[in-house]
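Protein chains in written order, with this note's numbering: chain A, 1 to 396; chain B, 1 to 396.
We treat Cβ as the ideally placed atom computed from N, Cα and C, and that holds for glycine.
Everything numeric in this text was worked out from a predicted model, so none of it was measured.
Report on the following structure.
Protein chains: 2
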Amino acid sequence: MRRMTARPANAHQARLLRLLRDGGPNSRAQLGDQIDLSRSKLAVEVDRLLETGLVVADGLAASRGGRRSHNIRLAPELRFLGVDIGATSVDVAVTNAELEVLGHINQPLDVREGPVAVFEQVLAMAAKLRASGLAEGFDGAGIGVPGPVRFPEGVPVAPPIMPGWDGFPVREALSQELGCPVMVDNDVNLMAMGEQHAGVARSARDFLCVKIGTGIGCGIVVGGEVYRGTTGSAGDIGHIQVEPDGRQCACGNKGCLEAYFSGAALARDAEEAAREGRSGELAALLEAAGKLSAADVAVAAAAGDATALDLIREGGNRTGQVIASLVSFFNPGLVVIGGGVTGLGHTLLAALRTQVYRQSLPLATGNLPIVLGELGPTAGVIGAARLISDHLFSPA
Amino acid sequence: MRRMTARPANAHQARLLRLLRDGGPNSRAQLGDQIDLSRSKLAVEVDRLLETGLVVADGLAASRGGRRSHNIRLAPELRFLGVDIGATSVDVAVTNAELEVLGHINQPLDVREGPVAVFEQVLAMAAKLRASGLAEGFDGAGIGVPGPVRFPEGVPVAPPIMPGWDGFPVREALSQELGCPVMVDNDVNLMAMGEQHAGVARSARDFLCVKIGTGIGCGIVVGGEVYRGTTGSAGDIGHIQVEPDGRQCACGNKGCLEAYFSGAALARDAEEAAREGRSGELAALLEAAGKLSAADVAVAAAAGDATALDLIREGGNRTGQVIASLVSFFNPGLVVIGGGVTGLGHTLLAALRTQVYRQSLPLATGNLPIVLGELGPTAGVIGAARLISDHLFSPA
DNA sequence: TGACTTTCTCCAGTGACAGGACAAAGAGTC
DNA sequence: GACTCTTTGTCCTGTCACTGGAGAAAGTCA
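Below is the structure:
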């Protein structure tokens, strides 16, 4: 099957492609309402896009009281691959050009095994999706990795939890393997893009997206665009110090937020509580599985276990304190909470809100929603697909 | 005298005006090298600007081996007024269109007297500058106020240290009084713009500008543009909590950074140390003046007073802790320290650097300069002039 | 059936712009 | 001083992007 070869020839065409991606099929007239172009010029550009095969005209829409319009839509055979590599699992999904998820696989994985082993697994998952008939090939792929990325080159730099990846040319390597354009970004940034595209942050221009998984990170969106910082490490809030001379953190410093709260820290604290006999629920779960995870704490909390609730509340308070600082500094219009730990739900959210609303200035918090992400594990893969589509739907 | 009436008619003209503002007089050929336009089109736009009077051609430049070029420059009679209202003093300056300071006055002032009294004083200072022959009138004015501003309207909102200003239509009122366009912004943002235009941040795209004066604030520059946040309170780091259940702050909360370090806090702590007999230097200064200021602490520290040095170091550590968090979060390319307290110089800077370099991730601090601003009190007024010139040098 | 609406296409006119030819004005060279 | 070369600025023409209007196509509604 022929893959997407053409790229938009100018800014108008790029704009049209994005309108069709975000708004679905549209008539020429409807497109004309959303773009600052005369109908004649618009018709010319649409025709050119039709020639390239990037968009197709399929059928007539119902009349709205006059001549029926032609439906213009992005080529239905276009396929993007979205990959979200976490510390302990990986999500791979196929989307169409409108970024609708057509198929989604999740598998456990240890990112510390290094890029070669991980990509072998990712490629096998992609092949599986292809074999299931969802795609005959990919027109582009977005990859999220759990660490800082030198964005233009698509190369991880000094990632604390995946040391073997430092400097590995992810973009180049995967582009070669997949035979299509690839873009690489931090997983947290992709989650932010996902929630912005199809989740709770749809109308937000300036917002923060706090992802609490194995570690803690924060996606920063300024004026609708992800902000990555000077060296690509913006949003790395897991190693902000919350306790001078506090607990030892894996990064080498002491008192980092992640040493107190994160999926890993919560599991560790829960196991300790279970072993010390402070929680029957947790002890039973530990007995059954041999180890505990953040999800187990959520189960115990849902069953009303006081120790589990305390652990969540305490972690939420610590994290809320940091978020309160960031809210004062950044004055966002929205804070989204996501990641694996969102299973902890409203106990966590309540603790976060209490801290933020109490500590930040009223002007910054007065109209500030703090909400859970609504896409769950698909946020990352949708964000990944959006990343590559933003790239492909730009003037060549 | 006729004031600037024309505005650039299109983006090209705006671009040219900014090139002339930032790069000084230039020939058509030199302008052509900096702008993506053909010589013919460029000549047309320059001619139109000459017609409006916004730029003038005065004399021929020396030959560089061929035909001598005409010097094109911004109209030399253009004048901007830059006003930087602080908590305890105000700076007023006149600049030309290239934002060179032609005259600068500083006077003590109590911002709590309210907008009417303050503007009476500011207008008198502006009149004084005009009377001295530096300007016959103003083509625009930029105003900085020590609190959050709803930027598009130019109205302070809920400013903690200047309660009487809440909702006062600063932009409209001053525009009427001065008879020229006015833009209003937070004083910290103006300092950042000043240092970016003519100071240490000239080549920086993403940087932070921490101003430690009566309070503490932080200017945020993203991609060369000041980021103001959703409600205009971005950068308000003075009320980040650094000590749970700590010292009472004027804002009502406890443990805010400003309760531990700022011009006001430092003066208070110094007086306490003097009264308790912990410092001979400070006691002598208190005896002489009846009260102490941050400048007195700087004097004592310069004389080697251990208590003064301790106060500075302790405050620097607290502030450095907060800056370290912001560096992790924002990953800036540069941190500028400014404001009245910069008189404390390298003792302060050393404490800040220690905290930041110790607490933030190497990737974020590896190549991060932390430096004092180089414009001192003129940063604010230059930033103010730049604010209004950015506005006026935009397509109408 | 006629009036009206909506959508799409076609065409001519306008204006922005590039690029080349050319003029002006200097420096350097023999 | 004549000549060449360089730099700067001006003029002109052709091309292309774009707008706006006329009109055709295809529908609804009374």
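Each residue's CA atom was taken as its position, placing residue 192 of chain B and residue 371 of chain B some 13 angstroms apart.
Per DSSP, the beta bridge partners of residue 95 of chain A are A:80, A:101. Annotation: the continuous beta strand (DSSP E) that includes residue 219 of chain B extends over 216-222.
When 7 angstroms is used as the limit between beta carbons, residue 326 of chain B is near these residues of chain A: 329, in chain order. B:28 is the residue among B:38, B:36, B:110, B:28 whose C-alpha sits nearest the C-alpha of residue 73 of chain B. Between the stretch 344-357 of chain B and the stretch 305-320 of chain B there are three or more C-beta pairs closer than 8 angstroms, enough to call the two in contact.
At a C-beta separation below 8 angstroms, residue 185 of chain A has no neighbours in chain B, since its nearest C-beta there lies roughly 14 angstroms away. By the rule that beta-carbons nearer than 7 angstroms mark a contact, residue 240 of chain A touches chain B.
In summary, the residues of the stretch 219-236 of chain B whose CB is separated from some CB of chain A by less than 7 angstroms are 222, 227, 229, 230, 231, 233, 234, 235, 236, in the order they occur in the chain. Any Cβ of chain B closer than 7 angstroms to the Cβ of residue 206 of chain A would place that residue at the interface, and such an atom is present. Straight across, the Cα-Cα distance linking residue 307 of chain A with residue 207 of chain A is about 33 angstroms.
When beta bridges are read from the DSSP output, residue 211 of chain B appears opposite B:217, B:338. For residue 205 of chain B, no alpha helix (DSSP H) segment is defined, and its DSSP state is neither H nor E.
Below the 7 angstroms Cβ cutoff, chain A contributes 230 as neighbours of residue 333 of chain B, in chain order.
Among the residues of the stretch 361-377 of chain A, those with a Cβ less than 9 angstroms away from any Cβ of chain B are 361, 362, 363, 364, 366, 367, 368, in the order of the chain. Selection A:321, A:8, A:140 evaluated against residue 241 of chain B yields A:321 as nearest (Cα-Cα). Collapsing the DSSP output to three states places residue 183 of chain B in a strand. Around the Cβ of residue 355 of chain A, a 10 Å sphere holds 16 or more other Cβ atoms; the residue is buried. In the structure shown, residue 147 of chain A adopts coil according to DSSP, grouped into three states. When secondary structure is reduced to three states using DSSP, residue 284 of chain A falls in the helix class. For the options B:129, B:157, B:42, the alpha carbon positioned closest to that of residue 364 of chain A is the one of B:157. Annotation for residue 87 of chain B: no alpha helix (DSSP H) segment contains it, and DSSP assigns it neither H nor E. For the pair residue 60 of chain B and residue 67 of chain B, the CB atoms are not nearer than the 7 angstroms cut-off.
Contact between the stretch 115-126 of chain B and the stretch 162-182 of chain B is established, with three or more Cβ pairs separated by less than 8 angstroms. Judged by DSSP secondary structure, residue 312 of chain B falls within the alpha helix (DSSP H) whose first and last residues are 306-330.
Collapsing the DSSP output to three states places residue 35 of chain A in coil. Taking the Cα of residue 187 of chain B as reference, the smallest distance to any Cα among B:323, B:384, B:389 is reached at B:384.
In the three-state scheme derived from DSSP, where H, G and I count as helix and E and B as strand, residue 160 of chain B is classed as coil. Beta-bridge pairing by DSSP links residue 372 of chain B to B:337. Going by DSSP, residue 388 of chain B is part of the alpha helix (DSSP H) stretching over 378-392. Counted as a single uninterrupted DSSP element, the beta strand (DSSP E) harbouring residue 70 of chain A occupies residues 70-74. Closest in C-alpha terms to residue 328 of chain A, from the list B:53, B:235, B:202, B:336, comes B:235. Per DSSP, the unbroken beta strand (DSSP E) holding residue 59 of chain B starts and ends at 55-60.
The C-beta of residue 158 of chain B comes closer than 7 angstroms to at least one C-beta of chain A. Cβ-Cβ separation between residue 271 of chain B and residue 265 of chain B: approximately 11 angstroms, too far for a contact (criterion under 8 angstroms).
In this structure, residue 82 of chain B sits away from residue 299 of chain B, with a CB-CB distance that is not shorter than 7 angstroms.
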